[in-house]
Structures are given as C-alpha cells and as structure tokens.
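> What follows is a structure written as structure tokens; I'll ask about it next.
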Ligand SMILES: NC(=O)c1ccc[n+]([C@@H]2O[C@H](COP(=O)([O-])OP(=O)(O)OC[C@H]3O[C@@H](n4cnc5c(N)ncnc54)[C@H](OP(=O)(O)O)[C@@H]3O)[C@@H](O)[C@H]2O)c1
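In my numbering, the protein residues as written are 821 to 1142.
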C-alpha cells in the first residue's frame, strides 16, 4: 500500500524501509536501474549471478540470484520495499531455457511475496503473448501472468529494444559494419525498431515504482526507424563501406552461424529475427523515453562497434569478460 503525503507529489510506501532490490545490478538494465535508485537516495540490494563484478565504489549490497534456494531468496528480499526485476534469458543455453526462466521468475515473485515486498516492477517485452510460437514471447506472457497471480502490487514495463550504456545490439551491428565488406539484411528490412535508452527505461521504472496501482505499459523511445534505416544510420555513423544486401529470411541463420564461428557468440537468434520481422519490436503508442536514438548514435560515433560485445562471455565467462 502506498500513501501520498499532503502537499507532496512523491508517494511513500507504508512500510518504506528505504531499501529496494534490483536483479543484475552489474549487468545491463539492472545497472541503470540501480544507478537511478542510488542517485535518488535509495539503498540498493542486488540479486545477481555475478557478484565479483561489483567495483567496490558503490554501496550496493550483494546477494545471490539462486533460484534453487527458495529460503535464501526470501531472506535476500526481506526488508525490501520494491523489487525491480530484470531477470530473463535471451536464448536457451546450458541448462536454462525459456521454460526454466519462467519457473525461476515465478520462484522470485513468490519469494518477494513471502518476504513482504510491497511492489514489484517487472521488465518484460513489447507484445508478449501466450499464443506466440516464439518461446521468448510466450515465456514473457507466462511470467507476466505469474506476476499478476502473485498478489503483490506490480507494474509491468515493456521495452522493445534497449540502447545506451554497454548494450550489445547496436554496438555489434556497428562492429559488423566496421569489419565486414557485406552486411546481410533479412527480407525487405522495412520492419520498425522502437528503441528506448536504457537510462530512460530506468527512470520510467522508478516512476512506476512510486505508483501504487497495477499497470502494464510499453517503454519506448521517440523514434521508430525501419531496420534498413537503422542499419544505414549506423553505417553512416561509423563511416562504414560495407555493402548492404537483402537476403531471404531463410539465409540469415547461415550468416549468423558464420558470425558465431568468428566471434564465438550468438549475434541474433532466428526467433529474434522473426520477432523483429513480424513487427514485435515496434509499437504505436506515445513515447515514454525522450532520448533520440539518432542523437545517441552521433554522440557515440567514435567508439560504437570498436570492440565486439560478447553476450555469451558476459553471462558465462569470467569476471573480466565484460
Ligand atoms: N536488452 C534489450 O535490448 C531488451 C529488449 C527488450 C526487453 N528486454 C528485457 O529487459 C530485461 C533485462 O534485459 P537486459 O538486457 O538488461 O538483461 P541482463 O542485464 O543481461 O540480465 C538481466 C538479469 O538476468 C540475469 N540473466 C541473464 N541471462 C542469464 C542467464 N543465461 N542465466 C542466468 N541469469 C541470466 C542476469 O544475471 P546476472 O546478474 O548474473 O548478470 C541479470 O540478473 C529482460 O527481461 C529482457 O527480456 C531487454
């Protein structure tokens, strides 16, 4: 339950301990959310599988993100007012697939309820659907349903694609454009991509954290270029001479396999391509973030794509792989 103090705009939670929890405060969106929280004077505890990435310069309390230890999860969430949940897996790897990620998310929400967490802000994705043939989007819908069933006050925040910080997607498109003579675009490339800056997402999450009613909102930026327009912008930004070629969707996995063999990473899964091509990375609604992707590209031109950001190493490599 949340109270609105007389004369003040900021709501306060009834049992506000001043402490919030964030999953993955040393990873991508969790890092931005944790930073926004500490900058606003909140204490932050993170649940993470990468505790060694704490740089010592922040005051973030660290607990394990261990879904096999339900009691430990509950203890880690005790005293927390709001849980900001970014947990998800991009693709199945080792023993964790999307089905397992749904069960893990459910375990986290139940632990939050048992620990007395007042509110959960959950980062999802645009257009999740129980009927989706794509395990990622179906899994996300199941997680949203599990959250609603938990009984804790919640807000679901749905970005399509994130940029900024040390995000991988745009950086790695730039890396390919800098290094390869040819860049393959699946199909016409006229599907739209509606990114939001990771710091805008973080601010939006905090805004939702301060509310007290259940809600589901897209978290999207002001620009929605087509994929071809986006790739051309990045190409111009990094002054690439790479030739853009349109290939049938069926050929893309071959291209991805070649890139994977070279960089040792999963650049784009077949399902991620299908989602983009089917318009799932776009929405019609108003922007919730203000940072212009086009401005951000120009600002980051000197460094964008200089080094490849390896997602597999980030999650499964050593502590120095970031
Ligand atoms: N990145 C995007 O462009 C994008 C676009 C749309 C929606 N989203 C959604 O935004 C949320 C956060 O995404 P993100 O890119 O910010 O993720 P992230 O920082 O890479 O990871 C978020 C959390 O999930 C954990 N995690 C990720 N992969 C894992 C794996 N394979 N095994 C175990 N734990 C794993 C991380 O653990 P550690 O703490 O150990 O790192 C971290 O706690 C997700 O729900 C995602 O679906 C992201």
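Glycine included, C-beta positions come from ideal geometry on N, C-alpha and C.
1) Examine chain D for any beta-carbon lying closer than 8 Å to the beta-carbon of residue 1015, and answer yes or no.
2) Does ligand 1 have a heavy atom nearer than 7 Å to the CB of residue 979?
3) With a threshold of 7 Å (Cβ to nearest heavy atom), would residue 908 be considered close to ligand 1?
4) Quick check: what's the CA-CA separation for residue 1020 versus residue 845?
5) Applying the 10 Å Cβ sphere with the 16-neighbour rule, what's the burial state of residue 838?
6) Go through its chain and collect everything with a Cβ distance to residue 912's Cβ below 6 Å, but skip five positions before and after it.
7) Would you check if the distance between the CB atom of residue 1093 and the CB atom of residue 992 is smaller than 8 Å?
8) Consider the C-beta atom of residue 944 and the heavy atoms of ligand 1; say whether any pair is separated by less than 7 Å.
9) Do residue 1063 and residue 1002 have their CB atoms nearer than 8 Å?
10) Where does residue 1134 sit, in a helix, a strand or coil, going by DSSP?
11) Please go through the same chain and pick out, in chain order, the residues whose beta-carbon is closer than 7 Å to the beta-carbon of residue 1107, but skip the five residues on each side of it.
12) Return yes when the C-beta of residue 904 is under 7 Å from any heavy atom of ligand 1, and no when it is not.
13) Please confirm whether residue 945 and residue 1029 have their CB atoms less than 8 Å apart.
14) How far does the alpha helix (DSSP H) with residue 1056 in it extend, from its first residue to its last?
15) What did DSSP end up calling residue 827 once you bin it into helix, strand or coil?
16) First and last residue of the alpha helix (DSSP H) that includes residue 993?
17) Please report how far the alpha carbon of residue 985 lies from the alpha carbon of residue 1095, in whole angstroms.
18) Determine the DSSP secondary structure at residue 822, reduced to helix, strand or coil.
19) Per DSSP, which residues does residue 865 bridge with? Please list them.
20) Would you kindly check if the distance between the Cβ of residue 1005 and the Cβ of residue 1051 is under 8 Å?
21) Which value, in whole angstroms, describes the spacing of the CA atoms of residue 898 and residue 936?
22) From residue 1080 to residue 1086, what distance separates their C-alpha atoms?
23) Taking 6 Å as the limit between beta carbons, can you name the residues of its chain near residue 1131, skipping five residues before and five after?
The relevant details are as follows:
1) No chain D is present in this structure, which holds just one protein chain.
2) yes
3) yes
4) 16 Å
5) By the neighbour-count rule (16 or more Cβ atoms within 10 Å), residue 838 is not buried but exposed.
6) Nothing meets the Cβ criterion.
7) Not closer than 8 Å, so no.
8) yes
9) Cβ atoms of residue 1063 and residue 1002: closer than 8 Å.
10) Helix, per DSSP.
11) 1040, 1041 and 1042
12) No, since every heavy atom of ligand 1 falls outside the 7 Å radius drawn around the Cβ of residue 904.
13) no
14) Residue range 1047 to 1057 is occupied by the alpha helix (DSSP H) that includes residue 1056.
15) Here the model assigns residue 827 a pLDDT of 37, short of 50, so the residue's position is not dependable, and the following value carries that caveat. Residue 827: coil per DSSP, three-state reduction.
16) 989 to 999
17) 23 Å
18) Confidence at residue 822 is low in this model, with a pLDDT of 39, below 50, so its placement is unreliable and no value can be given for it.
19) 841 and 881
20) Yes, Cβ-Cβ distance for residue 1051 and residue 1005 is below 8 Å.
21) 7 Å
22) 6 Å
23) 988 and 1085
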